[in-house]
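Residue 246 in numbering that gives the first Met the number 0 is what sits at position 247 of the sequence shown, and the numbering runs on without skipping anything.
Positions of the beta carbon are idealized from the N, C-alpha and C atoms, including for glycine.
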Amino acid sequence: MTASPAASSSPSLAPAIGTLEEIEQQQFLRLVSFYSAGLGASGLAWCIAYVVYASLTGSLDTLSIAVTTPAAVLGVTGWFAYGQCRRGNVRAATAINVVALLIGGTVNLSMIANAEGVGFISYCVAISLAAPVIKGREWLWLAIGISVASLAGALLHSFPVFPPVIMPPPIAIGSTLITATLGLGFPLGLFWLFSHNHRASREEAWTLARSAAAANRRATEHAAQLELRTEQLQAKNAELNDFLYVVSHDLRAPLINLEGFSRALQDSLATLAQVIAAGDHAPPRWPELQPEIDESLDFIVRSVAKMDFLVRGLLELSRIDNRPSTAQTVNLTQQVDDVVASLRHSIDTRGIEVRLDPLPTVTGDPVRIHQVFGNLLDNAVKYMRRDGEARIHVGVEQQGGTPCFFVRDTGVGIRPEDQPKIFRLFSRVGEHGVAGDGLGLTAVKKILDKQGGKIWVESGLGRGSTFWFTLPAAAGATGEDGRG
Numbered sequence: 000m001t002a003s004p005a006a007s008s009s010p011s012l013a014p015a016i017g018t019l020e021e022i023e024q025q026q027f028l029r030l031v032s033f034y035s036a037g038l039g040a041s042g043l044a045w046c047i048a049y050v051v052y053a054s055l056t057g058s059l060d061t062l063s064i065a066v067t068t069p070a071a072v073l074g075v076t077g078w079f080a081y082g083q084c085r086r087g088n089v090r091a092a093t094a095i096n097v098v099a100l101l102i103g104g105t106v107n108l109s110m111i112a113n114a115e116g117v118g119f120i121s122y123c124v125a126i127s128l129a130a131p132v133i134k135g136r137e138w139l140w141l142a143i144g145i146s147v148a149s150l151a152g153a154l155l156h157s158f159p160v161f162p163p164v165i166m167p168p169p170i171a172i173g174s175t176l177i178t179a180t181l182g183l184g185f186p187l188g189l190f191w192l193f194s195h196n197h198r199a200s201r202e203e204a205w206t207l208a209r210s211a212a213a214a215n216r217r218a219t220e221h222a223a224q225l226e227l228r229t230e231q232l233q234a235k236n237a238e239l240n241d242f243l244y245v246v247s248h249d250l251r252a253p254l255i256n257l258e259g260f261s262r263a264l265q266d267s268l269a270t271l272a273q274v275i276a277a278g279d280h281a282p283p284r285w286p287e288l289q290p291e292i293d294e295s296l297d298f299i300v301r302s303v304a305k306m307d308f309l310v311r312g313l314l315e316l317s318r319i320d321n322r323p324s325t326a327q328t329v330n331l332t333q334q335v336d337d338v339v340a341s342l343r344h345s346i347d348t349r350g351i352e353v354r355l356d357p358l359p360t361v362t363g364d365p366v367r368i369h370q371v372f373g374n375l376l377d378n379a380v381k382y383m384r385r386d387g388e389a390r391i392h393v394g395v396e397q398q399g400g401t402p403c404f405f406v407r408d409t410g411v412g413i414r415p416e417d418q419p420k421i422f423r424l425f426s427r428v429g430e431h432g433v434a435g436d437g438l439g440l441t442a443v444k445k446i447l448d449k450q451g452g453k454i455w456v457e458s459g460l461g462r463g464s465t466f467w468f469t470l471p472a473a474a475g476a477t478g479e480d481g482r483g
């Protein structure tokens with residue numbers, strides 16, 4: 000049995016297959032040892048039995064003694080082959096047994112008249128002995144040897160050089176039985192050996208296949224986890240870049256204003272102090288200084304408010320990560336009803352039609368889920384077109400076995416080139432005259448990312464927008480209709 004190239008090239012599979020081959024070689028060596036010992040014992044036993052029988056019957060003569068010589072040779076060579084097996088030389092032991100069987104079978108056919116079966120069985124056993132160990136051109140030499148030996152035995156049996164010996168019936172029957180037992184025993188042993196090892200090899204192959212499948216499954220899972228972690232890392236890097244931009248640009252701009260107008264205010268106050276120090280009760284430049292002071296104070300207040308807004312926005316986003324997640328039963332329909340109720344005045348004022356499909360009850364963080372729907376619906380109301388139909392549709396669809404929620408509106412829409420920017424920190428696109436802080440969609444994305452979900456948008460300028468998002472907790476939905 001040989002290992003396949005794929006198996007032999009794999010470091011993880013080679014040791015197991017090598018072990019199986021070693022076990023097979025040991026089993027075959029043991030089988031050859033048993034046969035060699037049996038051949039040696041039966042050959043010597045046949046010699047002793049024949050000599051004793053011929054002595055008791057008075058038929059012992061020179062020719063009959065010569066007949067026992069091949070059996071004695073088989074016995075001696077059998078034990079010699081057994082010694083080679085003990086040393087681990089299975090090929091040498093096999094060669095010795097094959098040569099001895101071919102010679103013994105030919106001599107048996109040429110000198111014994113009533114034991115032809117023993118000779119033919121010897122040839123068959125020689126083939127079965129040699130088959131497992133020879134290869135290549137060795138088959139040619141075996142075929143030549145068996146052909147020559149069997150042809151010589153047949154010719155000498157049909158045209159004997161010496162008068163053939165007729166074996167006593169008990170000895171002839173006994174030798175045939177012993178030879179048949181050895182002749183059948185070795186092929187049966189080979190059959191058991193190959194069937195047992197084939198079964199063991201097949202079981203080991205299935206075990207290796209199952210192990211490989213499990214390893215491949217684990218590798219796939221690890222690759223998927225690595226890909227997910229990579230995406231999360233990229234998202235974190237993008238978020239960090241946005242944060243650095245806010246700190247370096249948006250926060251720095253109010254600080255520059257603070258510095259500039261503080262210096263202007265300082266200069267104005269210094270001028271005023273000089274006038275007062277001069278003893279003038281009505282500073283002549285006061286009408287000029289007062290607007291400058293008021294303007295400086297106004298810019299300072301607005302810069303402080305801007306910084307406060309940015310800091311509070313960053314703090315609110317940080318709370319999404321820091322706030323521990325809770326797992327509660329959340330009625331999504333009730334959540335959306337509450338959000339719509341909080342926006343009812345704006346919805347009625349602008350004549351917006353709201354359609355709410357039945358939503359499932361899921362397990363998740365009710366505060367964060369409420370924040371997701373709240374921000375999306377608030378944006379849909381704020382960015383609704385002033386003319387034409389005004390509709391908002393909230394629902395859920397199954398996409399590839401995953402519940403995908405959506406908030407669809409007939410608002411102003413978003414240009415394709417602006418869509419990647421809308422989820423960035425403090426990012427606002429379009430000139431629609433709508434008040435906002437640019438934090439809503441950033442917070443929504445951060446909440447969904449933390450829960451293992453995702454959000455994307457389908458939109459076009461003037462064609463409205465559809466915000467899709469997934470909630471992993473939706474897999475634990477307890478019903479299709481959250482209204483009960």
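Check: One question on the structure: do G410 and M383 come within less than 7 Å of each other, judged by their Cβ atoms?; Outcome: yes
Check: Would you report the Cα separation of R85 and T93, rounded to the nearest angstrom?; Outcome: 13 Å
Check: Please state the DSSP three-state secondary structure of V450.; Outcome: The sequence given here places Gln at residue 450; Val does not occur at that position. Coil, per DSSP.
Check: Quick one: what does DSSP say N88 is sitting in, helix, strand or coil?; Outcome: coil
Check: Tell me which residues share the same chain as D448 and place their Cβ nearer than 8 Å to its Cβ, disregarding the 5 neighbours each side in the sequence.; Outcome: Q231 and A234
Check: Relative to the alpha-carbon of I111, which residue among S146, L331, Y49 and W138 has its alpha-carbon at the smallest distance?; Outcome: Y49
Check: Just to confirm my understanding: we take A151, look at its own chain, exclude 5 residues before and 5 after, and list those with CB closer than 6 Å. What are they?; Outcome: T105
Check: I need the DSSP call for G461, collapsed to helix, strand or coil.; Outcome: coil
Check: Unbroken alpha helix (DSSP H) runs of length 4 or more, entirely within the stretch 136-168: which are they?; Outcome: 137-157
Check: Should V371 be labelled buried (16 or more other beta-carbon atoms within 10 Å of its own) or exposed?; Outcome: buried
Check: What residue from T229, I172, S345 and I255 has the CA that sits closest to S302's CA?; Outcome: I255
Check: Can you tell me whether L438 is helix, strand or coil according to DSSP?; Outcome: coil
Check: Going by alpha carbons, who is nearest to S390 out of A214, K381 and R414?; Outcome: Reading off the sequence shown, one finds Arg at residue 390, where the question assumed Ser. Among A214, K381 and R414, the Cα nearest to that of R390 belongs to K381.
Check: Which residue or residues does DSSP assign as beta-bridge partners of T469?; Outcome: C403
Check: Quick one: what's got a C-beta closer than 7 Å to G373's C-beta in the same chain, skipping five residues either side?; Outcome: V338
Check: What are the residues that DSSP puts in a beta bridge with W455?; Outcome: W467
Check: If you draw a straight line from the C-alpha of R217 to the C-alpha of W205, how long is it?; Outcome: 18 Å
Check: How big is the Cα-Cα spacing for W78 and P69?; Outcome: 14 Å
Check: Of all the options G452, P357, L438 and A53, which has the alpha carbon lying nearest to the alpha carbon of V393?; Outcome: P357
Check: With distance defined between alpha-carbon atoms, name the residue in L155, Y122 and E220 nearest to G144.; Outcome: Y122
Check: Note the first and the last residue of the continuous beta strand (DSSP E) segment covering T409.; Outcome: Careful: T409 lies outside any beta strand (DSSP E) and carries neither H nor E.
Check: Would you mind sorting R367 into buried or exposed? The rule is 16 or more other CB atoms within 10 Å of its CB.; Outcome: buried
Check: Among the residues of its own chain, which have a CB less than 6 Å from the CB of A99, if the five just before and after it don't count?; Outcome: L73 and T76
Check: Classify G432 as helix, strand or coil using the three-state DSSP reduction.; Outcome: Here G432 scores only 49 on pLDDT, less than 50, and its place in the model should not be relied on; the value that follows carries that caveat. Coil.
Check: Name the two residues that bound the continuous alpha helix (DSSP H) containing I346.; Outcome: R343 to R349
Check: Name the residue from S146, T328, R29 and A44 whose alpha carbon lies nearest to the alpha carbon of P365.; Outcome: T328
Check: Bridge partners for T362 per DSSP, in chain order?; Outcome: T328
Check: Look at G438 and V406 and say whether their C-beta atoms are less than 7 Å apart.; Outcome: Note that residue 438 corresponds to Leu in the displayed sequence, not to Gly. Not a contact, by the Cβ cut-off of 7 Å.
Check: In the DSSP output, what is Q397 paired with across the bridge?; Outcome: P402
Check: Rounded to the nearest angstrom, what separates A340 and P471 at their Cα positions?; Outcome: 26 Å
Check: With which residues is H392 paired in a DSSP beta bridge?; Outcome: R354 and R407
Check: Have a look at N107, F422, A91 and I102 and flag the residue whose alpha-carbon is nearest the alpha-carbon of V132.; Outcome: A91
Check: Just to confirm, is the Cβ distance from R354 to G412 under 7 Å?; Outcome: no
Check: On the DSSP bridge assignment, give the partners of T383 in chain order.; Outcome: Residue identity check: residue 383 is Met in the sequence provided, not Thr. Partner(s): G410.
Check: Since I believe I319 is in contact with K453 (beta carbons under 8 Å), could you give me their beta-carbon distance rounded to a whole number of angstroms?; Outcome: Not confirmed; about 16 Å, so no contact.
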